[in-house]
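Just so you know, the protein sequences line up as chains A and B, in that order.
The C-terminal position of the first sequence is numbered 491 in our numbering, with every residue numbered one higher than the one before it.
The C-terminal position of the second sequence is numbered 491 in our numbering, with every residue numbered one higher than the one before it.
What follows is a short report on a single structure.
Number of protein chains: 2
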Amino acid sequence: MDPLGFAPHDHRDCKREAMAAAEAHCARHRLNFTPVRRRVLELLLGGHRAMGAYEILDTLRDEGLGAQPPVAYRALDFLVANGFAHKIERLNAFIACTHPETSHTPAFLICRGCNAVAEAHAEPARGMLGAAAEAAGFEIEQAVVEAIGRCPRCRAEAAPCR
Amino acid sequence: MDPLGFAPHDHRDCKREAMAAAEAHCARHRLNFTPVRRRVLELLLGGHRAMGAYEILDTLRDEGLGAQPPVAYRALDFLVANGFAHKIERLNAFIACTHPETSHTPAFLICRGCNAVAEAHAEPARGMLGAAAEAAGFEIEQAVVEAIGRCPRCRAEAAPCR
DNA sequence: CTCCATATGTTATTCTATAACAGTTATGCG
DNA sequence: CGCATAACTGTTATAGAATAACATATGGAG
């Protein structure tokens, strides 16, 4: 559980930009960017890692923004539905989207050492999977692509002499 | 929750073959294919669909093979670790592998209508994702690829006139 | 103002998963 | 054989993830 993206950068910048993008998107689409929703996105952006719903809920509770699970889940549902965050199925956790607005099929690189998560692009509907689906008569609407492995930092720690 | 593979076939056959393959693999690798493990694989093969750990546990309990969650989870862990079954992260459920022995990177087609799951091949480590990982210095060890959509049957039901 | 949609608050429950420890069986080795 | 050890099972307890159901508030649209 550490920085992220696997490359150091200014978190404040990406947080500020992402919040601004979310504000703009909500204004444009008449979406209700309420305090709870805003705060949850801030938490995800600030944590800059995959966070469990209950971890987020703890903070909301401390801040008087809601004490029960549905409060957190509703906000997370909103963020996911609007592309501001993604769910990492493998971790049962959520992470802020690092490039919203861009239409994308997200793929994730999950480090099994430090649980850091990087978001990448992938179009699984094309390529082998798409072909297999078509052959089976299956219509792909959405895809979960999550690679588990080791990030540069953890690889370096594990095998310093390589 | 229905048949599977999206194509009708003789379940008895695939069940018998898969059990035989598991027996052989365990014998060859000195793995302990105990009654609980055997029974859980049978259940997965017989159900021929993604099954929750607690659904399996219910049956084990009825049959006097174990009443507590760890019993089911341990057996499932064994089956997954040895390639006899896979976990469907999206459903928090487990499914028997339809072609064990073959080394493979499984990908799944999950129907959101009936929850049927078909197993396909995919090599996400190649292609776009592999390139992105390499660029990030990330070493992929394993990947979860799950496509959500509609199977032929559910597509037909939903849009009979298409 | 009233109705309706949207969002929040709360209770309760279900499902998923694992930690921790106790007992039991199987196996290998001296 | 007898013992040590590893592997497996049994059980208790708890943590974590998710949602159903219903109550309340709030903010427009007509």
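In this text, a Cβ means the ideal position worked out from N, Cα and C, and glycines have one as well.
These numbers were taken from a predicted model, which means no experiment stands behind them.
Asked: Taking the alpha carbon of Glu418 (chain B) as the point to measure from, which residue in B:His340, B:Ala347 and B:Val473 has its own alpha carbon closest?; Found: B:Val473
Asked: Relative to chain B, which residues along the segment 455-481 of chain A have a C-beta separation below 7 Å, given in chain order?; Found: Gly456, Met457, Leu458, Ala461, Ala462, Ala465, Gly466, Phe467, Glu468, Ile469, Glu470, Gln471, Ala472, Val473, Val474, Glu475, Ala476, Ile477, Gly478, Arg479, Cys480 and Pro481
Asked: Whose C-alpha, out of A:Phe467, A:Glu448, A:Gly456 and A:Ala464, is nearest the C-alpha of Phe335 (chain A)?; Found: A:Glu448
Asked: According to DSSP, is Lys344 (chain B) helix, strand or coil?; Found: helix
Asked: For the segment 409-429 of chain A and the segment 374-384 of chain A, state whether three or more C-beta atom pairs, one from each stretch, are separated by less than 8 Å.; Found: yes
Asked: Mind checking the segment 335-354 of chain A against chain B and listing, in chain order, the residues whose C-beta falls within less than 8 Å of any C-beta there?; Found: Phe335 and Ala336
Asked: How do the segment 399-414 of chain A and the segment 364-376 of chain A stand: do at least 3 beta-carbon pairs fall below 8 Å, yes or no?; Found: yes
Asked: Taking Arg357 (chain B) as the reference, give the member of B:Arg403, B:His338, B:Arg378 and B:Asn411 with the closest Cα.; Found: B:Asn411
Asked: Under 8 Å, with one C-beta from each stretch per pair, do the segment 432-443 of chain A and the segment 383-399 of chain A reach the 3-pair mark?; Found: no
Asked: Going along chain B, which residues have a C-beta under 8 Å from Glu452 (chain A)?; Found: Met457
Asked: Counting only beta-carbon separations shorter than 9 Å, does Cys440 (chain A) have a partner in chain B?; Found: yes
Asked: Quick check: the Cα distance between Gly376 (chain A) and Asp387 (chain A), rounded to an integer number of angstroms?; Found: 14 Å
Asked: Tell me which residue opens and which closes the beta strand (DSSP E) that Gly478 (chain B) is part of.; Found: Glu468 to Arg479
Asked: Counting only beta-carbon separations shorter than 9 Å, does Arg484 (chain B) have a partner in chain A?; Found: yes
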